[in-house]
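Trainee: The structure is given below, and queries will be raised subsequently.
Protein chains: 2
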Amino acid sequence: PAVEQMLLKDPKSYVISADVVANVTATNTLEHAFMVLSKVGYSRIPVLTPDDRLQGMISLAAISEYLLHVPGAAVEQLSRYTVADAMLPVNRWVSDPTKLETILNYLVDEPFIPLVDDDKVFQGIITRRELLKRINFMAHN
Amino acid sequence: PAVEQMLLKDPKSYVISADVVANVTATNTLEHAFMVLSKVGYSRIPVLTPDDRLQGMISLAAISEYLLHVPGAAVEQLSRYTVADAMLPVNRWVSDPTKLETILNYLVDEPFIPLVDDDKVFQGIITRRELLKRINFMAHN
Ligand SMILES: Nc1ncnc2c1ncn2[C@@H]1O[C@@H]2COP(=O)(O)O[C@H]3[C@@H](O)[C@H](n4cnc5c(N)ncnc54)O[C@@H]3COP(=O)(O)O[C@H]2[C@H]1O
Ligand SMILES: Nc1ncnc2c1ncn2[C@@H]1O[C@@H]2COP(=O)(O)O[C@H]3[C@@H](O)[C@H](n4cnc5c(N)ncnc54)O[C@@H]3COP(=O)(O)O[C@H]2[C@H]1O
Chain P
1 PAVEQMLLKD
11 PKSYVISADV
21 VANVTATNTL
31 EHAFMVLSKV
41 GYSRIPVLTP
51 DDRLQGMISL
61 AAISEYLLHV
71 PGAAVEQLSR
81 YTVADAMLPV
91 NRWVSDPTKL
101 ETILNYLVDE
111 PFIPLVDDDK
121 VFQGIITRRE
131 LLKRINFMAH
141 N
Chain F
1 PAVEQMLLKD
11 PKSYVISADV
21 VANVTATNTL
31 EHAFMVLSKV
41 GYSRIPVLTP
51 DDRLQGMISL
61 AAISEYLLHV
71 PGAAVEQLSR
81 YTVADAMLPV
91 NRWVSDPTKL
101 ETILNYLVDE
111 PFIPLVDDDK
121 VFQGIITRRE
131 LLKRINFMAH
141 N
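Protein chains in written order, with the numbering used here: chain P, 1 to 141; chain F, 1 to 141.
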């Protein structure tokens, strides 16, 4: 379709590649994850296995739930828990970055969509911002 | 332009109206704001004055900064601070919901854009999700 045609002029460039995507592992403590999230400023990031497969997501909101429900819990106490305790499942992912119709569909409900290869090795993410930049450009040309 | 034409078929329906937008006031405590954010599940919400004018934004990330940098700070200690202490400025807003070119432009950098009337009274928000839903629909028709 016309929208996909125009958006596809340069498929790879809207993928944020894995090497610049902040991430943690399931065995990291929640204190470590909390500090990573605060430092990079993202609200939710991928959880990867030691061999770079996508395992889940960790969010500031999920960690905040611990602080809210564990009485007197300060950030230091988060060292008693791991990312595995608060990890969220990956609802959607794609393995073909050119399937824009699917990606656009998924981005209606998810702020970013992980990209994995056929072996489930994490390749990067496609964000709403990258797609909107592209649509914005298209709307002006 | 064609994109704006198609998106404008039903301008009002992509605005999330003020009565369903979670918000706090600048004098609320950070503990209260933290609990509101956790309960509604949003990462950032508007701060309104008692007469419903848009004053700023409050985010989970900004409150987490307090928990991180005030040693031993537990959620209860957030009652010592107010939203005013951690409030963020409003970078972008619109007063005409049909100015889609401007809105699309702003949504590249902001997950939502507040809508205010000519007296700066808060009217609602326009989110990336609502715009993407519309673009998604358009791409299929
Ligand atoms: N450090 C920063 N510099 C500039 N703008 C920033 C920023 N942090 C956040 N934003 C803005 O806020 C939006 C929401 O960020 P959030 O962290 O909630 O949600 C993000 C985050 O969960 C994830 N994400 C984006 N880039 C990432 C990265 N390099 N590493 C890990 N996760 C990333 O994808 C979601 C959507 O990102 P998107 O760019 O569409 O949308 C971003 C972007 O427009
Ligand atoms: N309770 C829920 N139910 C269903 N989906 C949910 C949800 N909470 C979050 N999401 C999904 O996560 C996205 C990012 O939410 P976030 O709270 O970071 O960022 C939100 C939040 O800061 C604000 N927002 C959205 N609706 C709001 C509301 N009713 N009241 C206050 N703020 C709202 O606008 C931003 C962008 O919202 P958008 O809908 O584009 O994008 C939302 C939506 O796709």
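Every residue, glycine too, gets a C-beta built ideally from N, C-alpha and C. Predicted model only: the values in this text are computed from it and were never measured.
#1: Taking 8 Å as the CB-CB cut-off, is P:Leu30 touching chain F?
#2: May I have a chain-ordered list of the alpha helix (DSSP H) segments no shorter than 4 residues that lie completely inside the segment 31 to 110 of chain F?
#3: Starting from the beta carbon of P:Lys99, find every residue of chain F whose beta carbon is closer than 7 Å, and list them in chain order.
#4: Taking a cut of 9 Å between CB atoms, which residues from the segment 53 to 64 of chain F lie near chain P?
#5: Quick one: what's P:Phe122 bridged to in DSSP?
#6: DSSP state of P:Val21, grouped into three classes?
#7: Based on DSSP bridge pairs, tell me the residues matched to P:Thr127.
#8: Whole angstroms are fine: how far does the CA of F:Leu60 sit from the CA of F:Tyr106?
#9: Shorter than 7 Å, the distance from the beta carbon of P:Ala22 to the closest heavy atom of ligand 1, or not?
#10: My assumption, with CB atoms under 8 Å, is that P:Leu104 sits in contact with P:Leu131. Please give the rounded CB distance.
#11: Let me know if F:Gly124 comes out buried or exposed under the rule of 16 or more other beta-carbons within 10 Å of its beta-carbon.
#12: Report buried or exposed for F:Glu20, applying the criterion of at least 16 other Cβ atoms within 10 angstroms of its Cβ.
#13: Can you name, in chain order, every residue of its own chain whose Cβ lies under 7 Å from the Cβ of F:Arg53, other than the five neighbours on each side?
#14: Please report the distance separating the alpha-carbon of P:Gln55 from that of P:Arg92.
#15: Apart from the five residues just before and just after F:Leu78, which ones in its own chain have a Cβ nearer than 6 Å to its Cβ?
#16: Under a Cβ-count criterion, where at least 16 other Cβ atoms within 10 Å of its own Cβ denotes burial, should P:Ser17 be classed as buried or exposed?
#17: Can you list, in chain order, the residues of its chain whose CB lies under 8 Å from that of F:Glu65, leaving out five sequence neighbours each side?
#18: If we ignore side chains and look at the alpha-carbon of each, how far apart do F:Leu37 and P:Asn28 end up?
#19: Using a 10 Å radius around the Cβ and a threshold of 16 neighbouring Cβ atoms, would you call F:Val40 buried or exposed?
#20: Kindly indicate which residue of F:Ala139, F:Asp117 and F:Ile63 has the alpha-carbon position closest to the one of F:Ala95.
#21: Taking all protein chains shown into account, do 16 or more other C-beta atoms lie within 10 angstroms of the C-beta of P:Leu88, making it buried, or fewer, making it exposed?
#22: Does the beta-carbon distance from P:Ala26 to P:Val83 come in below 8 Å?
#23: Taking 7 Å as the cut-off, is the CB of P:Tyr81 close to at least one heavy atom of ligand 1?
#24: For F:Pro50 and P:Thr49, I'd like the C-alpha separation in whole angstroms.
#25: Residues of the segment 71 to 104 of chain P with a CB closer than 9 Å to any CB of chain F: list them in chain order, please.
#26: Taking the CB atoms as reference points, tell me whether P:Ala62 and P:Ile45 lie closer together than 8 Å.
Mentor: Looking at the atomic coordinates:
#1: Against the first sequence, residue 30 of chain P aligns to sequence position 30. No, P:Leu30 does not count as interfacial toward chain F.
#2: 60 to 69, 83 to 86 and 100 to 107
#3: Your numbering for residue 99 of chain P matches position 99 in the first sequence. Those within 7 Å of P:Lys99 in chain F number zero; the least Cβ separation is about 13 Å.
#4: Ser59, Leu60, Ala61, Ile63 and Ser64
#5: Taking the first sequence and counting its residues from 1, the one referred to as residue 122 of chain P is at position 122. P:Phe122 is bridged to P:Val116.
#6: Along the first sequence, read from residue 1 onward, the residue named residue 21 of chain P stands at position 21. Three-state DSSP puts P:Val21 in coil, outside helix and strand.
#7: Here residue 127 of chain P refers to the residue found at position 127 when the first sequence is read from its first residue. For P:Thr127, which the question treats as bridged, DSSP gives the partners P:Phe112.
#8: Within the second sequence, residue 106 of chain F is the residue found at index 106, counting from 1. Within the second sequence, residue 60 of chain F is the residue found at index 60, counting from 1. Roughly 22 Å between the two C-alpha positions.
#9: On the first sequence, position 22 is the one that residue 22 of chain P refers to. Checking the Cβ of P:Ala22 against ligand 1 gives yes.
#10: Looking up residue 104 of chain P in the first sequence gives position 104. Looking up residue 131 of chain P in the first sequence gives position 131. With 8 Å as the limit, P:Leu104 and P:Leu131 qualify as a contact, their Cβ atoms being about 7 Å apart.
#11: As a first step, residue 124 of chain F must be located in the second sequence, where it is residue number 124. F:Gly124 is buried by the Cβ-count criterion.
#12: By 1-based counting over the second sequence, the position of residue 20 of chain F is 20. A quick correction: the sequence has Val, not Glu, at residue 20 of chain F. Label assigned to F:Val20: exposed.
#13: Counting from one through the second sequence, the residue named residue 53 of chain F turns up at place 53. Answer for F:Arg53: Lys120, Val121 and Phe122, listed in chain order.
#14: For this step, residue 55 of chain P is matched to residue 55 along the first sequence. For this step, residue 92 of chain P is matched to residue 92 along the first sequence. If you take the alpha carbons of P:Gln55 and P:Arg92, they lie about 12 Å apart.
#15: Your numbering for residue 78 of chain F matches position 78 in the second sequence. Correct list, in chain order: Leu30, Glu31 and Phe34.
#16: Here residue 17 of chain P is taken as the residue at index 17 of the first sequence, counted from 1. Classification of P:Ser17: exposed, given that the 10 Å Cβ count is below 16.
#17: For the purposes of this step, residue 65 of chain F is taken as the residue at position 65 of the second sequence. Excluding positions up to five away in sequence, the list reads Ala86.
#18: As a working note, residue 37 of chain F is residue 37 in the second sequence. As a working note, residue 28 of chain P is residue 28 in the first sequence. The straight-line gap from Cα to Cα measures roughly 25 Å.
#19: The residue given as residue 40 of chain F occupies position 40 in the second sequence. So F:Val40 counts as exposed.
#20: For the purposes of this step, residue 95 of chain F is taken as the residue at position 95 of the second sequence. The displayed chain sequence assigns Ser, not Ala, to residue 95 of chain F. Per the Cα distances, F:Asp117.
#21: Counted from its first residue, the first sequence places residue 88 of chain P at position 88. Classification of P:Leu88: exposed, given that the 10 Å Cβ count is below 16.
#22: Here residue 26 of chain P corresponds to residue number 26 of the first sequence, with the count starting at 1. Here residue 83 of chain P corresponds to residue number 83 of the first sequence, with the count starting at 1. Yes; because the gap between Cβ atoms is below 8 Å, this pair is in contact.
#23: To locate residue 81 of chain P, count along the first sequence from 1; it is residue 81. The answer is no for P:Tyr81.
#24: Taking the first residue of the second sequence as position 1, residue 50 of chain F is located at position 50. Taking the first residue of the first sequence as position 1, residue 49 of chain P is located at position 49. Going from the Cα of F:Pro50 to the Cα of P:Thr49 covers about 49 Å.
#25: Pro71, Gly72, Ala73, Ala74, Val75, Glu76, Gln77, Leu100, Glu101 and Leu104
#26: Position 62 of the first sequence holds residue 62 of chain P. Position 45 of the first sequence holds residue 45 of chain P. No, they are not a contact pair.
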